[in-house]
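2 protein chains.
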Amino acid sequence: MKENKYDDPVFFAHYSHMARSEQGLAGAGEWPTLEPLLPPFAGKRVLDLGCGFGWHARYAADHGAAEVIASDISEKMLAAAREKNAHPAITYRQEAFEDADYPAGHFDLVLCSLMLHYLADYGTFLKKVRRWLKAGGTLLFTVEHPTFTAYGSQDWYYGPGGEILHFPVDRYFLEGKRDALFLGEHVVKYHRTLTTYLDGLLQEGFTLLRIQEPQPAAEMVQSIPGMADELRRPMMLIVLAQKQ
Amino acid sequence: MKENKYDDPVFFAHYSHMARSEQGLAGAGEWPTLEPLLPPFAGKRVLDLGCGFGWHARYAADHGAAEVIASDISEKMLAAAREKNAHPAITYRQEAFEDADYPAGHFDLVLCSLMLHYLADYGTFLKKVRRWLKAGGTLLFTVEHPTFTAYGSQDWYYGPGGEILHFPVDRYFLEGKRDALFLGEHVVKYHRTLTTYLDGLLQEGFTLLRIQEPQPAAEMVQSIPGMADELRRPMMLIVLAQKQ
Chain A
1 MKENKYDDPV
11 FFAHYSHMAR
21 SEQGLAGAGE
31 WPTLEPLLPP
41 FAGKRVLDLG
51 CGFGWHARYA
61 ADHGAAEVIA
71 SDISEKMLAA
81 AREKNAHPAI
91 TYRQEAFEDA
101 DYPAGHFDLV
111 LCSLMLHYLA
121 DYGTFLKKVR
131 RWLKAGGTLL
141 FTVEHPTFTA
151 YGSQDWYYGP
161 GGEILHFPVD
171 RYFLEGKRDA
181 LFLGEHVVKY
191 HRTLTTYLDG
201 LLQEGFTLLR
211 IQEPQPAAEM
221 VQSIPGMADE
231 LRRPMMLIVL
241 AQKQ
Chain B
245 MKENKYDDPV
255 FFAHYSHMAR
265 SEQGLAGAGE
275 WPTLEPLLPP
285 FAGKRVLDLG
295 CGFGWHARYA
305 ADHGAAEVIA
315 SDISEKMLAA
325 AREKNAHPAI
335 TYRQEAFEDA
345 DYPAGHFDLV
355 LCSLMLHYLA
365 DYGTFLKKVR
375 RWLKAGGTLL
385 FTVEHPTFTA
395 YGSQDWYYGP
405 GGEILHFPVD
415 RYFLEGKRDA
425 LFLGEHVVKY
435 HRTLTTYLDG
445 LLQEGFTLLR
455 IQEPQPAAEM
465 VQSIPGMADE
475 LRRPMMLIVL
485 AQKQ
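Taken in order, these protein sequences are the chains called A and B. Our numbering puts the first residue of the first sequence at 1, with every later residue one more than the last. Our numbering puts the first residue of the second sequence at 245, with every later residue one more than the last.
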């Protein structure tokens, strides 16, 4: 149940060479959309769930966060995080989300970047995060878009000449495990509907502050081969929500 | 710019034989999801935009609304509405949304069922509706889902034997006109992203109360041929929002 593909040596090697791994936030396509949504960090207590290489944790610490707890299930990811993004305010912890527990009302902000589609139980995620947040605290997550995760393979549908025809959607209302091909490897991911993600937050006592589907900036579309295809289907959902 | 396919005699004849036209709310697949989201109507002032045959207006009046203004661009739709769903509390008005204006702060509830994908300018829609609503008033709309409208044709992608393979998505971030095939006729519809629909509401001073993608009930899936395919892709989005 606890997905940890990132400790697979082959997959980890591939992941380590993605732009977002080598360049950090500047190499992440969603960053120009995500950064303006971040609340002020000065003096704040931050929890970064699924911290990976620690780029967001480091950003929070560099911007004045008083305390950053950054957790990840993967030993390899954390070893890289401690090397690339060490900071006195950051505590890195190896921990599956399923096993995590923190004091109630402790955090001002919970960050969760591209972890939720590896998590089997979103309902428990919402309950835990709500408990750990102060009243008025915020949750900012990015997750693979339901349109992107529904079919399963996460690949385009190609024509006979190998050209992209479109992106396929199927099994949308059938939530659960998918066998995705990511960086050439089979990875278990979980598909959920938009209703589950967004109405789930509302039903759990969060207010939705912002909802964004990032798209590449015009200059990226012109300068990077293949980037124009990223305008053809949504790949990611960014949600900023506040605990009532 | 003002789309009025419903006064095309052939299209109107086809539309008039849909289950939602003949049976009213009970024949609309989204009704079991929509009805529980409706606020209490007793004594309320209701505006029903794109009222069609008047089923929602009649429901509001039957449940005690003090005043229901129900408008539609289509003369044929309104003629049927006045015949099928007349009620002393309802005033039917032939009017394109683009030309509509109402007193500021007048309405407790604005309903808008499956009209927005015919409207070129969503930004103006939000500004108008916000102005017409009382503080604390609500907007409840249904609209074709961005995943459903992106590609344009609104049809499945078929295999060589005519079997459904999946639903195609393309041009997602390219908002604007689409040439959709609906009831065998070409109809102009407008595609928008989820971000535009939902973040647009947030940026315009609405709070999101509920977000739902309706899916057919289990008994419908079992008893109605082809209904199981409705679980394969989202077709509709239901949003309940409140003016701050």
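We put the beta carbon where it would ideally sit given N, CA and C, even for glycine. Here the structure is a predicted model, which means the values were calculated and not measured.
| Check | Outcome |
| --- | --- |
| Alpha-carbon spacing of B/C356 relative to B/G420, whole angstroms | 20 Å |
| Length of the line joining the Cα atoms of A/L25 and B/Y441 | 28 Å |
| Sufficient close CB pairs (3 or more, under 8 Å) joining the segment 272-288 of chain B to the segment 163-176 of chain A | no |
| Inter-residue CB distance, B/V290 and B/F351 (contact presumed, cutoff 8 Å) | 7 Å |
| Per-residue contacts from A/Y6 into chain B (C-beta, under 8 Å) | Correct list: empty, because the minimum Cβ distance to chain B is about 28 Å. |
| Interface partners of B/T368 on chain A, CB under 7 Å | In chain order: nothing, as chain A lies at least about 21 Å away. |
| Nearest neighbour of B/E388, chosen from B/Y362, B/N248, B/V465 and B/R375 [CA to CA] | B/Y362 |
| Integer-rounded CB distance, given that A/R210 should sit under 8 Å from A/L240 | 4 Å |
| Residues bridged to B/P412 [DSSP beta-bridge criterion] | A/P168 |
| Min CB distance B/Y416 to chain A below 7 Å | yes |
| Contacts around A/L78, its chain only, beta-carbon distance under 7 Å, and the 5 residues preceding and following it disregarded | D72, Y92 and Q94 |
| Environment of A/K127 [buried if 16+ CB atoms lie within 10 Å] | exposed |
| Opposing strand residues paired with B/A424 [DSSP bridges] | B/V431 |
| Beta-carbon separation (whole angstroms), B/Q456 vs A/D199, contact threshold 8 Å | 6 Å |
| Those residues which DSSP pairs with B/A485 across a bridge | B/L383 and B/L452 |
| Members of the segment 447-464 of chain B that neighbour chain A once the beta carbon cut-off is set at 8 Å | T451, L452, L453, R454, I455, Q456, E457 and Q459 |
| From B/E311, B/A340 and B/Y250, residue whose alpha carbon lies closest to that of B/P332 | B/E311 |
| Three-state class that DSSP yields for B/M480 in the structure shown | strand |
| Environment of A/D48 [buried if 16+ CB atoms lie within 10 Å] | buried |
| Neighbourhood of B/I251 by C-beta, 7 Å cutoff - its chain only, sequence neighbours within 5 removed | Here residue 251 of chain B is Asp; the residue named in the question, Ile, does not match the sequence. Contacts found: S318, E319 and K320. |
| Outcome for A/Y158 when other beta-carbon atoms lying within 10 angstroms are tallied against a minimum of 16 | exposed |
| Boundaries of the alpha helix (DSSP H) in which A/S223 is found, first to last residue | A218 to S223 |
| Residue-chain proximity (B/L475, chain A), Cβ-Cβ < 7 Å | yes |
| Buried/exposed call for B/K246, threshold 16 Cβ in 10 Å | exposed |
| is_contact[A/T195, chain B] using C-beta, thresh 7 Å | yes |
| Backbone secondary structure at A/F148 - three-state DSSP | helix |
| Through-space distance from A/L181 to B/M364, alpha-carbon basis | The amino acid occupying residue 364 of chain B in the given sequence is Ala; Met does not appear at that position. Between B/A364 and A/L181, the C-alpha separation is close to 38 Å. |
| Simplified DSSP state of B/A285, which is helix, strand or coil | According to the sequence shown, residue 285 of chain B is Phe rather than Ala. B/F285: coil per DSSP, three-state reduction. |
| Residue range of the alpha helix (DSSP H) that includes A/R131 | Y122 to W132 |
| B/A263 versus B/A257 - alpha carbon distance | 13 Å |
| Alpha-carbon to alpha-carbon, B/Q398 and A/G161 | 25 Å |
| Exposure label - A/T193; buried when at least 16 CB within 10 Å | buried |
| Amino acids of chain A, ordered along the chain, whose beta-carbon sits closer than 9 Å to that of B/V431 | The contacting residues do not exist; B/V431 stays about 21 Å from chain A at best. |
| Range covered by the alpha helix (DSSP H) that runs through B/S265 | A263 to E266 |
| Per-residue burial, B/G449 [other beta carbons within 10 Å of its own, 16 or more giving buried] | exposed |
| CB contact below 7 Å: A/D199 versus chain B | yes |
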